[in-house]
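S.K.: Below is a structure I'd like to ask you about.
There are 2 protein chains.
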Amino acid sequence: MKALLPVLQLFILATFVATTHGSFELDIADQIIHLLRPKPGAGGRHVDDNVSCLSWRLGVETNNIIDWTTVPAACEGYVGHYMLGQQYRKDSEVVAHEAYLYAESQNLTDDGNNLWIFDVDETSLSNLPYYADHGFGVEVYNSTSFNAWVLEGVAPALPESLKLYKKLLALGIKVAFLTGRGEAQRNVTETNLKNVGYDTWEKLILKDSFYSGNTAVMYKSSERKNLEESGYRIGNIGDQWSDLLGTNVGNRTFKLPDPMYYIS
Amino acid sequence: MKALLPVLQLFILATFVATTHGSFELDIADQIIHLLRPKPGAGGRHVDDNVSCLSWRLGVETNNIIDWTTVPAACEGYVGHYMLGQQYRKDSEVVAHEAYLYAESQNLTDDGNNLWIFDVDETSLSNLPYYADHGFGVEVYNSTSFNAWVLEGVAPALPESLKLYKKLLALGIKVAFLTGRGEAQRNVTETNLKNVGYDTWEKLILKDSFYSGNTAVMYKSSERKNLEESGYRIGNIGDQWSDLLGTNVGNRTFKLPDPMYYIS
């Protein structure tokens, strides 16, 4: 971990620079990410004879491995290198590209009812600077320290999602952010999104503190149901299967990679 | 490709040996697979600057890339090494292990109504000897030559699935095979399954030639609906998302890897 800290300091600095020069977000986001390549070939070996971290990650991404609380300790190095290396970026790019191809192929009627749902954490915004300092998911989730990070409002954009967002807007598709973040974090979330280049949206849906559902699947299904009943046709992208399963999932769903945590 | 042929001849020979010594299927299946490692480190690099085959494969496995007809030409070598190397086996092992952990955790009532659905091709049986001779999915699917291969009835078991099958039976769970193969291939499929160690099953469901549905999703959903209406509680494993999506998918589904072909 410690070897990564100078890289992360550069990353956070560059993020700050990026957020103060809004018109070049995409280019700068790309440059930032190039700073995030500590080693070539961060493609994935297994760490010891007992755990194939590559197989574990594939199991997670395909929803075969569910309800896990932390990344296996033996995979901290693997997940860290994956997240900071180029493979995470390439994997995200393929997903965003497929989403765009799908949206473009629909020959959408521009009746104002086409809406694309973006999850926030690890989809629109990246908490990688936080997780890089907390074992890339090996440490048990700590809501106090994570919320303190969120309240700083300095999460960078996931560059592939930001590019997709801009291209969908250019197709005349509206965007809604649907997040498990609570209403108490509305202001900081709005500011963070705007600072990194998400300039406009139709809705930013945060979880009401009175919401009584048990899981993200239930919460997000319920909110999407409201949107569909308002007449929206939905596309949907997120890093968690709980963004994409349940009811009213949208006409098509796209799963970004996230080997750092699991939300049911 | 040509460099792999001697390995495949050994594989086919060993498969034949295995099928004539039924009581040691599992051990021999493992030994066969060890012959299938042409190179160490078959873990996945990208083949050229434009195509990350690893990202393509992840996109396929996560159902982000759909409706594709052939593996990208640049990825033939990558997919071939993945399929013949140890990573495919490790990936499959993780899926089968998760499936078993799930089944075991259910503390099932042994009322005879617990049923696990296995797909056949690339789940119970492996057509890798055929695909290795046909570009690992780079060549356009040829039903004539593929059916000729099926009719030979010499497809080996996918060892991880065979192990899972035996462990589920030991838990008192019944097994049904549900396949897109047609009724005309019932006899050869039965014989092939039995020869490689699948000794017993509750049902072997093949596609009736009168079936009028358009997609595997519709066909398999309809058959699973029949099973659930007969009172079965279903678990479900397959290599295609069309085995696992639709209706009546089962209480939990497990996705085995298959970067060689796509069935909608």
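As you go down the protein sequences, you meet chains P and Y in turn.
Take the first sequence: its position 261, counting from 1, is numbered 260 in numbering that gives the first Met the number 0, and each next residue is one higher.
Take the second sequence: its position 80, counting from 1, is numbered 79 in numbering that gives the first Met the number 0, and each next residue is one higher.
The beta-carbon is built from N, C-alpha and C at its ideal position, and this holds for glycine as well.
(1) Would you identify the three-state DSSP class for D120(Y), choosing helix, strand or coil?
(2) Cβ atoms of G136(P) and T69(P): under 8 Å apart, would you say?
(3) If you compare alpha carbons, which of P158(P), Y129(P), G152(P) is closest to F145(P)?
(4) How about K254(Y): is its C-beta nearer than 8 Å to some C-beta of chain P?
(5) Does the Cβ of N250(P) have 16 or more other Cβ atoms within 10 Å, making it buried, or fewer, making it exposed?
(6) For L35(P) and N113(Y), what's the separation of their Cα atoms in angstroms?
(7) Taking the alpha-carbon of N63(Y) as reference, which of Y218(P), P71(P), Q184(P), G234(P) has the nearest alpha-carbon?
(8) Do F117(Y) and V187(Y) come within 8 Å of each other at the CB atom, strictly closer than that value?
(9) With H, G and I counted as helix, E and B as strand and the rest as coil, what does DSSP make of G234(Y)?
(10) Taking only beta-carbon positions, decide if N63(P) is within less than 8 Å of chain Y.
(11) Looking only at its chain, what residues have a beta carbon closer than 8 Å to the beta carbon of Y210(P), apart from the 5 residues adjacent to it on each side?
(12) With 8 Å set as the bound, which would you pick, yes or no: does the beta-carbon of I32(P) sit closer than that to a beta-carbon of chain Y?
(13) Identify, in the order they occur along the chain, each residue of the same chain with its Cβ nearer than 7 Å to the Cβ of L170(Y), setting aside the five sequence neighbours on each side.
(14) So for W67(P), helix, strand or coil by DSSP?
(15) Distance cutoff 8 Å, beta carbons only. Does E97(P) sit that close to anything in chain Y?
(16) Who pairs with A252(Y) in a beta bridge, going by DSSP?
(17) Buried or exposed for T199(Y), going by 16 or more other Cβ atoms inside 10 Å?
(18) Below 8 Å on C-beta distance, what does D57(Y) contact in chain P?
(19) With a Cβ-Cβ cutoff of 8 Å, do G181(Y) and L205(Y) count as a contact?
(20) Using the Cα positions of T61(P) and T252(Y), report the straight-line distance between them to the nearest angstrom.
(21) Nearest by alpha-carbon distance to L157(Y): which of A147(Y), M82(Y), L168(Y) is it?
(22) Kindly list, in the order they appear in chain Y, the residues whose Cβ is closer than 9 Å to that of S51(P).
(23) Identify each residue in the stretch 203-229 of chain P for which the Cβ-Cβ distance to at least one residue of chain Y is less than 8 Å, and report them in chain order.
(24) I'd like the list of long-range same chain contacts for E227(Y), defined as Cβ closer than 6 Å, with 5 residues on each side in sequence excluded.
(25) Given a threshold of 16 other Cβ atoms within 10 Å of its Cβ, counted over all protein chains shown, does G111(Y) qualify as buried or as exposed?
(26) Under the rule that 16 or more other beta-carbon atoms within 10 Å means buried, what is E151(Y), buried or exposed?
(27) At 8 Å on the CB atoms, spell out the chain P contacts of S54(Y), in chain order.
(28) Which full runs of the beta strand (DSSP E) of 3+ residues lie inside the stretch 145-178 of chain Y, going along the chain?
(29) Hey, could you find the ends of the alpha helix (DSSP H) L243(Y) is sitting in?
(30) Alpha carbons only, please: which of S229(Y), S241(Y), D120(Y) is nearest the one belonging to S263(Y)?
(31) According to DSSP, is G181(Y) helix, strand or coil?
(32) Are the CB atoms of D90(Y) and P258(Y) within a distance shorter than 8 Å?
(33) Quick test of your reading: Y77(P) and C52(P), contact by CB under 8 Å. State the CB separation rounded to the nearest angstrom.
(34) Checking contacts by CB at 8 Å: is Y260(Y) closer than that to chain B?
(35) Which residue marks the beginning of the beta strand (DSSP E) containing L203(P), and which one marks its end?
(36) For T190(P), which residues from the same chain have a beta carbon less than 8 Å from its beta carbon, with the 5 sequence-adjacent residues on both sides left out?
M.R.: The answer reads as follows:
(1) D120(Y) carries a strand assignment under DSSP once its states are collapsed to helix, strand and coil.
(2) The answer is yes: Cβ separation under 8 Å.
(3) Minimum Cα distance to F145(P) is reached at Y129(P).
(4) So yes, K254(Y) belongs to the interface.
(5) Taking all protein chains in view, the Cβ of N250(P) is surrounded by fewer than 16 other Cβ atoms within 10 Å, so the residue is classified as exposed.
(6) Because the pLDDT of L35(P) is 41, which lies under 50, any placement of that residue in the model is unreliable, and the number read from its coordinates should be weighed accordingly. Roughly 49 Å separates the two Cα atoms.
(7) If we check each option's Cα against that of N63(Y), G234(P) comes out closest.
(8) Against a cut-off of 8 Å, the Cβ pair of F117(Y) and V187(Y) comes out as no contact.
(9) Looking at G234(Y) - three-state DSSP - the assignment turns out to be strand.
(10) Residue-level contact check: N63(P) touches chain Y, since one or more beta carbons of chain Y fall below 8 Å from its beta carbon.
(11) Result list for Y210(P): Y218, in chain order.
(12) Interpretation of I32(P) is limited by its pLDDT of 39, a score under 50 that renders its predicted location unreliable; the figure taken from the coordinates is listed afterwards. Cβ-Cβ to chain Y under 8 Å: no for I32(P).
(13) Contacts found: A102, E103, L107.
(14) Coil, per DSSP.
(15) Closer than 8 Å: yes.
(16) Residue 252(Y) is actually Thr in this sequence, not Ala. N235(Y), per the DSSP bridge assignment.
(17) Under this definition T199(Y) is an exposed residue.
(18) One point to set straight first is that residue 57(Y) is Leu, not Asp, in the sequence displayed. In chain order: L57, E60, D90, V93, P256.
(19) In contact: G181(Y) and L205(Y) (Cβ atoms closer than 8 Å).
(20) If you take the alpha carbons of T61(P) and T252(Y), they lie about 10 Å apart.
(21) Out of A147(Y), M82(Y), L168(Y), M82(Y) has the C-alpha closest to the C-alpha of L157(Y).
(22) For S51(P), the C-beta contacts it makes with chain Y under 9 Å involve Q85, Q86, K89, D90, E92, V93, in order along the chain.
(23) If the cut-off is 8 Å between Cβ atoms, the stretch 203-229 of chain P has nothing near chain Y.
(24) For E227(Y), where only same-chain residues beyond five positions count, the Cβ hits under 6 Å are N247.
(25) Under this definition G111(Y) is an exposed residue.
(26) With fewer than 16 Cβ atoms within 10 Å of its Cβ, E151(Y) is classed as exposed.
(27) Going along chain P in sequence order, the residues near S54(Y) (Cβ under 8 Å) are Q86, K89, D90, E92, V93.
(28) Runs of the beta strand (DSSP E) inside the stretch 145-178 of chain Y: none found.
(29) Where L243(Y) is concerned, there is no enclosing alpha helix (DSSP H), given that its DSSP letter is neither H nor E.
(30) Here the closest residue by C-alpha is S241(Y).
(31) Shown here, G181(Y) sits in a strand according to DSSP, grouped into three states.
(32) For P258(Y) and D90(Y), no; Cβs fall outside 8 Å.
(33) That belief holds up - the Cβ atoms of Y77(P) and C52(P) are roughly 4 Å apart, short of 8 Å.
(34) You won't find chain B in this structure, because its protein chains are P and Y.
(35) Residues 202-206.
(36) Here the set comprises G152.
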